[in-house]
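For the sequence shown, the residue numbers in my numbering are 6 to 304. Ideal placement from N, C-alpha and C gives every residue a C-beta, glycine not left out. The model shown is predicted, which means the values in this text are computed figures rather than measured ones. Scroll down for the structure; my scribbles are underneath it.
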Amino acid sequence: MEVTNSVRQISTISLLEEMEKKYKSIPIEAIVKQDILRQGIHFLKEVFEVTDPYKTKDYFIFSFDHIPLSELGDVKAPEEIKVSGGHFDLLPTVISTRNNPSSPYKVKKSSDGKPVLYLGETFLGNLEFPPLPAWYRHKTKNGKIPGEIAPVIEWGYLIYLTVFRNCQYFGKEEECAYCDINHNYRQQKNAGRPYTGVKDIEDILEVLSWIDSEDHTAKVYTITGGSVITSLKKKNEIDFYLDYATAIESKFPGRWMGKIVSQAWEIEDCKKFKEAGIQVYHPNYEVWDKNLFQKNLSR
Numbered sequence: 006m007e008v009t010n011s012v013r014q015i016s017t018i019s020l021l022e023e024m025e026k027k028y029k030s031i032p033i034e035a036i037v038k039q040d041i042l043r044q045g046i047h048f049l050k051e052v053f054e055v056t057d058p059y060k061t062k063d064y065f066i067f068s069f070d071h072i073p074l075s076e077l078g079d080v081k082a083p084e085e086i087k088v089s090g091g092h093f094d095l096l097p098t099v100i101s102t103r104n105n106p107s108s109p110y111k112v113k114k115s116s117d118g119k120p121v122l123y124l125g126e127t128f129l130g131n132l133e134f135p136p137l138p139a140w141y142r143h144k145t146k147n148g149k150i151p152g153e154i155a156p157v158i159e160w161g162y163l164i165y166l167t168v169f170r171n172c173q174y175f176g177k178e179e180e181c182a183y184c185d186i187n188h189n190y191r192q193q194k195n196a197g198r199p200y201t202g203v204k205d206i207e208d209i210l211e212v213l214s215w216i217d218s219e220d221h222t223a224k225v226y227t228i229t230g231g232s233v234i235t236s237l238k239k240k241n242e243i244d245f246y247l248d249y250a251t252a253i254e255s256k257f258p259g260r261w262m263g264k265i266v267s268q269a270w271e272i273e274d275c276k277k278f279k280e281a282g283i284q285v286y287h288p289n290y291e292v293w294d295k296n297l298f299q300k301n302l303s304r
């Protein structure tokens, strides 16, 4: 296999074909998806001129563009792509987008004006961009747009509520190496984009009311955000996040499946969210001991 260095392999059709033969139990769709997430996508500007209205990328935690936002410019990349057909006869596969102008994966305009995906000179499939929800036309009483407060991802299935867009584990000695939450916040603010650090519960409830009345696609919401190690809004981490869960489930009981993504909590604290109506608890995978991955995962 050709490699650029000890870490990152060059993406080629032959590499994907080799992976398909080596890992027969893994669908080729998963192999292609993983490699696209690894390399990002280069969207040619021509493709943005020919598609119907679609949902563009809402920036939040783990957006993972491959170049700084200041260098990217006004790229109207979709939140996700759905690829099918092509060289591997892919089944419809949804992939989150990460902008990378140097990526070998390129989205171009086909002869009939539709977006298509190429790896080098090889046609990988026809593309769809996610539909723009009708309720995205609204603004809250505070002038916030829906994508700033309660964006949807996974083709509209998941309402993603990053209610605290910073993390109090701050600086290179504390921040998790895999996480971009603080860096992303700085990038957005430096670019002059609207990027609310702590989201107002009333704004969230207002947007959710539009989803409740107008939307039939969203099935789940996630409450997440940075860790609170001292206090935020004069509350500890448990009480801060619990307020959001309680408010949502009080106004929309059981309307969507509620999920909390946070750092690890004590069992008694988790029970508070269960009692509030949250159905899924998903602790983050912060690992402070570099030997833990090898001990627990490299068996």
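Which one of the options has the shortest CA to CA distance from residue i?
i: Gly176; options: Val168, Thr145, Pro138, Ile186; result: Ile186
i: Ser75; options: Tyr190, Ile154, Asn171; result: Tyr190
i: Asp63; options: Trp160, Leu129, Tyr249, Asn289; result: Trp160
i: Lys277; options: Tyr226, Ile243, Arg260; result: Ile243
i: Gln193; options: Ile66, Tyr59, Phe257; result: Ile66
i: Phe69; options: Glu85, Gly45, Glu51, Gly91; result: Gly45
i: Ile158; options: Phe169, Leu137, Phe93; result: Leu137
i: Ala269; options: Ser232, Val112, Thr127, Ala139; result: Ser232
i: Lys50; options: Arg142, Gln14, Lys119, Ser30; result: Lys119
i: Ile234; options: Tyr123, Pro106, Pro109, Phe169; result: Phe169
i: Thr98; options: Val88, Lys279, His92; result: Val88
i: Ser267; options: Tyr246, Ile36, Thr61; result: Tyr246
i: Pro156; options: Asp57, Asp220, Val285; result: Asp220
i: Phe93; options: Pro288, Ile206, Leu124; result: Leu124
i: Thr102; options: Thr127, His71, Ile31, Arg198; result: His71
i: Ile41; options: Tyr59, Pro109, Ile283; result: Pro109
i: Tyr59; options: Tyr174, Tyr141, Asn296, Cys184; result: Tyr141
i: Ser255; options: Phe128, Thr229, Gly282; result: Gly282
i: Phe128; options: Asn289, Gly202, Gly90, Ile100; result: Gly90
i: Glu153; options: Gln173, Ala252, Thr201; result: Thr201
i: Ile265; options: Phe257, Asn241, Gly230, Glu273; result: Gly230
i: Glu54; options: Phe134, Ala35, Asn289; result: Phe134
i: Met126; options: Ile86, Ser16, Ile36, Asp274; result: With the sequence shown as reference, residue 126 is identified as Glu, and Met is not the correct amino acid for it. With distances taken between Cα atoms, Glu126 lies closest to Ser16.
i: Asp57; options: Leu132, Leu95, Leu77, Asn104; result: Leu132
i: Ile36; options: Ser115, Glu85, Leu96, Ala139; result: Leu96
i: Pro106; options: Ile86, His47, Pro73, Ala139; result: His47
i: Pro73; options: Glu280, Ile100, Asn104; result: Asn104
i: Leu237; options: Ser115, Lys204, Ser30, Ile253; result: Lys204
i: Lys38; options: Ser30, Ile31, Ile100; result: Ile100
i: Ile253; options: Lys240, Glu280, Glu271; result: Glu280
With H, G and I counted as helix, E and B as strand and the rest as coil, what does DSSP make of residue i?
i: His71; result: coil
i: Lys38; result: helix
i: Leu137; result: coil
i: Tyr190; result: helix
i: Asn195; result: helix
i: Leu247; result: helix
i: Leu213; result: helix
i: Ile253; result: helix
i: Phe53; result: helix
i: Phe65; result: coil
i: Gly152; result: helix
i: Phe175; result: coil
i: Gln14; result: strand
i: Lys277; result: helix
i: Lys29; result: coil
i: Met6; result: Caution is warranted here: a pLDDT of 39 is assigned to Met6, below 50, making its placement in the model unreliable, and the coordinate value is therefore given only provisionally. Note: Met6 maps to coil in three-state DSSP.
i: Lys300; result: helix
i: Glu180; result: coil
i: Asp220; result: coil
i: Trp185; result: According to the sequence provided, residue 185 is Asp. The question's Trp does not apply to it. Asp185 falls in the coil class under three-state DSSP.
Bridge partners of residue i, per DSSP?
i: Glu85; result: Ser101
i: Asn241; result: Beta-bridge pairing links Asn241 to no other residue.
i: Gly263; result: Tyr226
i: Ile158; result: Leu163
i: Gly282; result: Gly282 is not bridged to any residue.
i: Arg132; result: In the sequence as presented, Arg is not what sits at residue 132; that position holds Leu. Partner(s): Val88.
i: Ile46; result: Asn104
i: Phe169; result: Val203, Gly230
i: Pro120; result: Lys114
i: Pro288; result: Ser267
i: Leu21; result: Per DSSP, none; premise fails for Leu21.
i: Leu95; result: Gly90
i: Thr127; result: Leu124
Would the beta-carbon of residue i be found less than 7 Å away from any heavy atom of the ligand ZN?
i: Glu76; result: Of the ligands one can find in the structure shown there are none, so the ligand ZN has no counterpart to examine.
Contact the stretch 80-90 vs the stretch 17-30: 3+ CB pairs below 8 Å:
No, the stretch 80-90 does not touch the stretch 17-30.
Touching by the beta-carbon criterion (3+ pairs, under 8 Å), the stretch 140-158 and the stretch 22-39
With the cut-off at 8 Å, the stretch 140-158 and the stretch 22-39 do not touch.
Counting pairs of Cβ atoms below 8 Å between the stretch 151-168 and the stretch 211-231, do you hit three or more?
Yes: the two stretches touch, three or more of their Cβ pairs being nearer than 8 Å.
Within 8 Å, do at least three Cβ pairs link the stretch 259-266 to the stretch 221-229?
In this structure the stretch 221-229 lies against the stretch 259-266, because at least three pairs of beta carbons, one per stretch, are closer than 8 Å.
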